[in-house]
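Below you'll find the structure, written out as structure tokens, and then a few comments.
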Amino acid sequence: MNEKEKDTSISSKRTSLIRKNIILSFLVKGWSGLVEFLLVPITLNCLGDYKNGVWLTISSILVWINQFDIGLGNGLRNKLATYLAHDDKEKAREMVSSTFFMLIFIIIPVTLLLVFLIKICNVYSILNVDNSIITDLDNVIIVALLFISSTFIFKFIGNFYMGLQLPVVNNLLVTCGQTLALLLTYWVYRSGSHSLMHIAIIYTMSPLVVYLLAYPYTFFYKYRELAPSYKAFNIETIKEVFNLGVKFFLLQIASVLLFWTSNLLISKLLTPALVTPYQIVYRYFTIVLLAFSIICTPYWSATTDAFERNDYDWIRRSKHRLNIMMVLLTALTIIMTIASGFVYHLWIEVSVGNKVEIPLLLTVMVAVYVNVLIYSMSYSNFLNGFGALRLQMIMTVAAAVLFIPLAIVSTSIYKSIYSIVAVMILVNIPGLIVNKIQFSKIMNKTARGIWKE
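Here the sequence shown stands for residues -12 to 440, numbered as in the numbering used here.
Okay, structure coming up:
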């Protein structure tokens, strides 16, 4: 086989692997979407509007902890794909081992510090929670934190599989955790419990159980040659992944501020009760985000592989396919918006008997926000595969820095949840524009300086 035929074969295998991942991920994520839909009314019925709003606010804060890996997870994903593209399994194992132990070294002091802060701070005042309704808020947050911190370490298994160009396995692990949470939440619902503590334990313990079961299968059986070992820990490898990972980390933190502080701001600036309708609308449109992430995610590590082999034609064909999908998903959001009133009625009111007022304008604005996200993600996934992160980092951090003060100012003027969603849309548009320009420059080989970093 000559060099051209070899490159064509590699390109075909890469595309075939992506197709398999997408098909299987749709099956897995389809179930995941159903589980998410079922969790909303069951949890709402267990806790009621107020407690449910408080739990949504707490869980959105805990997501910050889950992202606090200094980008090591995504750094592992990129570097593992790079080393395996060059068939360097020794360096790949060093990367896996060094990442695993660094995650442990990071989370222990962070967890201890956060427990201390929770104990000395007035969390009721910070979250604007009535202590006559929820009496054990400190303990709820601490217990949830301990489970989340443990999950923080072992969720690197998902990044490991994504580095192997097997994102469907990561999706399966996440979905299994959600399914376990659904079963346990339904059990609590049937028992008649309205305990916020029970819900917090179920939601944060379930993913940890799944990862603990996946670890021995992955590293004692399936990929023993890549299993973490303290002997393979290498500080130089950590420096290498850190140089890339810190950019991912800043992107993660900025993204968390953009995507998750909305719950906290709504709770603090307006009322915890308004978090529930906002989250119902947002979760409704996660169908679109879910579909696009299923299609888009396999391209990240595959792009790294193609980029390392200078296979630009494959990348162009892939982007064209994603452009078609974006148009179809935009049409889907329009249909979902038109049908939203009927869906909310069946989903919330008929299924559990709870009536939640959700204005059409809120649905329309969240639909616009979701479309801005998917158009931006269609470029950022390729840029992540290139390792071109600096401009993304600058734009995302700038958006995150602007979001909170703009949301506070706009809410103080209009006293409305619409002002917060409008700011979310506006601060994300510049990043979309820059992502598109940078992708074009890299593909045309005209990127210079910051445009190719």
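Yeah, the Cβ is synthetic: ideal placement off N, Cα and C, and Gly gets one too.
Nothing here was measured: the structure is a model prediction, and the numbers come from that model.
With distances taken Cα to Cα, identify the nearest neighbour of residue i among the options.
i	options	result
H332	I321, A318, T320, L347	L347
N358	A214, L349, A318, M382	A318
L151	H73, M352, L261	H73
H185	M149, G328, Y204, N126	N126
V408	I29, S397, M382	S397
Y299	R377, I412, W42, K432	K432
V262	V27, W18, T324	V27
K218	T248, R80, T205, E295	R80
F24	S(-2), F207, I274, F92	I274
K38	A260, T205, D75	A260
P285	I345, V330, S365	S365
N371	I128, G40, W334, N65	N65
I128	F87, H307, I48	I48
H181	F88, D36, I416, F329	D36
E440	S403, I400, L378, Y401	L378
L256	V330, S112, K78	S112
Y210	K76, Y401, I416	K76
Evaluate residue i with the Cβ neighbour count: other Cβ atoms within 10 Å of its Cβ, from every protein chain shown; 16 or more gives buried, anything less gives exposed.
i	result
T172	buried
I457	Nothing in the structure corresponds to residue 457, since the chain is present only between -12 and 440.
C283	buried
V388	exposed
E223	exposed
C163	buried
D292	buried
T3	Reading off the sequence, residue 3 comes out as Ser, not Thr. Exposed.
P203	exposed
S193	buried
I311	exposed
W301	buried
Y208	exposed
W334	buried
I325	exposed
L67	buried
I think residue i touches residue j, with their Cβ atoms under 8 Å apart; what is that distance to the nearest whole Å?
i	j	result
A289	I5	6 Å
F143	L104	With a Cβ gap of about 25 Å, F143 and L104 do not count as contacting.
L315	I361	Not quite, the Cβ-Cβ distance comes to about 11 Å (not below 8 Å), so this is no contact.
L14	L183	Incorrect: roughly 33 Å between the Cβ atoms, too far for contact.
N158	W287	Not confirmed; about 13 Å, so no contact.
V414	L393	7 Å
T320	F272	7 Å
A385	Q425	The Cβ separation is near 15 Å, so there is no contact.
E212	P264	That belief does not hold up - the Cβ atoms of E212 and P264 are roughly 50 Å apart, past 8 Å.
G40	S327	Not really, about 20 Å apart at Cβ, beyond 8 Å.
Y176	N32	6 Å
M430	R303	7 Å
A214	F220	Between F220 and A214 the Cβ distance is about 13 Å, and since that is not below 8 Å, they are no contact.
Anyone know if the C-beta pair for residue i and residue j falls short of 7 Å?
i	j	result
W438	K423	no
V155	L11	yes
I281	K7	no
M380	K226	no
T98	S136	yes
I94	I29	no
A168	I188	no
T191	F134	yes
V110	L124	yes
L238	T138	no
I412	V355	yes
L43	N250	yes
V197	L160	yes
S19	Q165	yes
V353	Y405	no
V86	L63	The sequence given here has Thr at residue 86, not Val. Taking 7 Å as the Cβ cut-off, T86 and L63 qualify as a contacting pair.
S363	G436	no
G60	N146	yes
S216	S84	yes
Counting only beta-carbon separations shorter than 7 Å, does residue i have a partner in chain B?
i	result
K7	Among the chains in the structure shown there is no chain B, since it carries only a single protein chain.
Every unbroken alpha helix (DSSP H) inside the region 173 to 231 [4 residues or more]
183 to 203
At 4 residues or longer, what runs of the alpha helix (DSSP H) sit wholly inside the region 73 to 132?
76 to 107, 110 to 114
Starting from the N-terminal side, write out each stretch of the alpha helix (DSSP H) that is 4 residues or longer and does not extend beyond the region 257 to 340.
262 to 295, 299 to 325, 327 to 331
In the region 4 to 66, which residue ranges form an unbroken beta strand (DSSP E) of at least 3 residues, counting only runs that do not cross its ends?
none
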